[in-house]
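Take the sequence shown: its position 21, counting from 1, is numbered 177 in our numbering, and each next residue is one higher. A quick write-up on the structure given underneath.
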Amino acid sequence: MLKRGVCSIGFAMLALVFLVAFMTGCVSTGGTAMDTHKKGMTSITEEEYFTTKKPVDRAFIGCAWSKQFGPIEDPAAEDIRVKKERSLSGLQQDYAYNLGVGLGGQTIAGPKAEVGATGGSIEKAKLSGLEIISPVSLADIAFEPKIPYITEALRLSNFSISAEKSNKASLNVGAGIAAGSGTASAEVGSQARRGTEGEGLVVAYRLHWIDPATYVRQESGNVPLELNKTADFSKANIFVTARLMLIDPGAGKSLPRNVVWSCSKADAKSKDMVAAWVVELKSTDPKRKKLTIAFPAWPVIEDCQNYTGIIYSRIDPLTDKIIRQRINIAVINAELTDNMKPKQWDARISLIDESFNIKMVRPAELELASQ
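Here you go:
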């Protein structure tokens, strides 16, 4: 009997151990799943996106990002080709929707737009119309070391900004009501928001910058650029030629429109330009087009005698690196005679080859970098 009792107690103890282990395992599994969900939520929201400083309908793709001011536009920068895609992520849709309401937005359907209480993200998506705006090619962005650039924008295409005087936003959904009979109302507005009324609302940006560990730069050095002679950059497979281009006054013609002017002032006055120093860049690569850069020769514009720009960029699919070529041209001294002939010409040119990977910038990283 004693042995049987001891065995019974032993079996009971063993069963208890297994039960505790099983329950602990269930709790651990559930906790791990919850942790994974929280990490997923955080990565989509707080750790990947920068929220807008004010309600706007501008994506600012390719613009530099300032911690204090947000997107910084460069008037001289070239337009970047962008693409729009619909987001199918319910988590992303919820995040953008909540930000839109927080910024003072409302659906175009009106402040009394209906949303099913049980519809969740799908119903919200119908109202918010979340779009992901990004560049066609990341190589089009003029990345500079240590500067973050906007590479993606979340935009609620079916949101609008109201110009009401009140300054409040609320979301009310009747729980337990059948789909289609609940109401989601956003009462929005602020006197400071006047002038921003319109359809569409960008709520967040994603940023990237150059990974400094991968950045490689090779420069040719300053090379004299002579008139009507070709400079051969054999390593870069580029030939450069400088010459003077004239337009007869009163002929009713202007300089070619496909040239890239050295500054915005020259571009604005290009129709009235009589003479220009032009620098032609030709590549031995048949896929690359000829590029012509123009400097005003007559009338002269003093602050348009330098040009810096990216003349070629691509993404290497094997290394994911952005490979690009940048050119610097400085016209040191250029002058025409009274009969529009070259009197003086002194210019320098340098070619820079760069390659680098980019990496995402997280808000916490930007905080540390600014300290």
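Cβ coordinates follow ideal geometry from the N, Cα and C atoms, glycine included.
Query, Result
"Q262, DSSP secondary structure in three states", "strand"
"K427 (DSSP reduced to helix, strand or coil)", "helix"
"8 Å contact criterion, which F315 and G256 should meet: CB distance rounded", "5 Å"
"Proximity of L286 and L357 at Cβ, strictly below 7 Å", "no"
"Contacts around L447, its chain only, beta-carbon distance under 6 Å, and the 5 residues preceding and following it disregarded", "L437, I467"
"Neighbour-count burial assignment, A520, 16 or more Cβ in a 10 Å radius", "exposed"
"Boundaries (first-last residue) of the beta strand (DSSP E) holding T397", "394-402"
"Inter-stretch contact at 8 Å, needing at least 3 Cβ pairs: the segment 425-432 / the segment 371-388", "no"
"Status (buried if at least 16 other CB within 10 Å, exposed otherwise) for T493", "exposed"
"Three-state secondary structure (DSSP) of N254", "helix"
"Simplified DSSP state of T370, which is helix, strand or coil", "helix"
"Simplified DSSP state of G226, which is helix, strand or coil", "strand"
"Range of the contiguous beta strand (DSSP E) that encloses T440", "Here T440 belongs to no beta strand (DSSP E), and DSSP marks it neither H nor E."
"Sub-7 Å separation of I479 and A422 beta-carbons", "no"
"C-alpha gap between K240 and I306, whole angstroms", "15 Å"
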